[in-house]
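Report on one structure; see the data block that follows.
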Amino acid sequence: MNIEFAMEKVKPQLTKERYAHSIRVAETAKKLAHRFGEDVSRAELAGVLHDYAKYRSKEELARWIKTSSVLPKDLLHYHHELWHGPVGALLIESELGLKDKEIHGAIRYHTTGKANMSKLEMIIFLADYIEPGRKFPGVDEVRKIAENDLHKACWMALANTIRFLIGKQATVYPDTLYAYNDLTRLGY
Ligand code: DGI
Ligand code: FE
Ligand code: FE
Ligand code: FE
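If you want it as structure tokens, here you go:
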């Protein structure tokens, strides 16, 4: 799939602001891919597509999770903000015909991360967190580390996210904890 086709398909799915965010994620992902030795066009494509399902209704997202044989049902017991990644991974195949399994993984796990992330999965997870429009507390420090250590930058983003969720007494999806534990065990 070429990038122009992906952009044309994504644009009507999103608000203007969310589309601009997706373009910034794609640009950031390209830089990270170049820096850490990943396929640059694949990273760009995954970046443009990562929030494809963001504005589907809660009802539609839940329906896809309930009827899918690959998505875990436990998602339904967590915040609906976590549903657009896994469902987006399905929809880019069924609606856009994109069959690239690595891109599916990167989109599926872009919000939570998971244990044993591939390089592309880490790049999209991190690009979504550090793209220049983001203003999370601590994001500048993560941007700095992302200049030379992909694993450590992901670990910091996960730790910040978990702190943020605990701070508002929200539940933390298991994959987010598995991602954090995995990178912590690796020594980051
Ligand atoms: O779609 P975006 O806004 O670009 O970003 P995203 O897909 O990373 O979603 C970010 C939101 O998801 C943010 O409000 C924090 C939340 N989030 C991330 N991990 C978890 C989580 N929420 C819960 N409940 N549990 C998690 O593990
Ligand atoms: Fe998202
Ligand atoms: Fe995003
Ligand atoms: Fe590293």
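The opening position of the sequence shown corresponds to residue 1 in the UniProt record's numbering, with each subsequent residue numbered one higher.
Don't be surprised by glycine CBs; every beta carbon is placed ideally from N, CA and C.
Because the structure is a prediction, the values reported are computed rather than measured.
Query, Result
"Supposed contact pair residue 153 and residue 142 - C-beta distance, whole angstroms, cut 8 Å", "5 Å"
"C-alpha distance - residue 39 paired with residue 20, whole-angstrom precision", "22 Å"
"Proximity below 8 Å, CB of residue 98 to CB of residue 86", "no"
"Limits of the alpha helix (DSSP H) - the one that residue 129 falls within", "119–130"
"Exposure label - residue 54; buried when at least 16 CB within 10 Å", "buried"
"Heavy atom of ligand 1 within 7 Å of residue 51 beta-carbon", "yes"
"Unbroken stretches of the alpha helix (DSSP H), 4 residues or longer, contained in the UniProt domain \"HD\" (18–133)", "40–49, 58–67, 84–94, 101–108 and 119–130"
"Closest by C-alpha distance to residue 138, when choosing among 80, 150 and 159", "159"
"Touch test, the segment 77–86 against the segment 166–177, Cβ-Cβ under 8 Å, three pairs minimum", "yes"
"Selection from 131, 49 and 36 that minimises the alpha carbon distance to residue 96", "49"
"Whole-angstrom distance between residue 155 and residue 181, CA atom to CA atom", "9 Å"
"Candidates 60, 70 and 134: closest to residue 84 by CA position", "60"
"Test item: CB-CB of residue 103 and residue 42 under 8 Å", "yes"
"Same chain only: Cβ atoms within 8 Å of residue 162, ignoring 5 sequence neighbours per side", "172, 176, 177 and 180"
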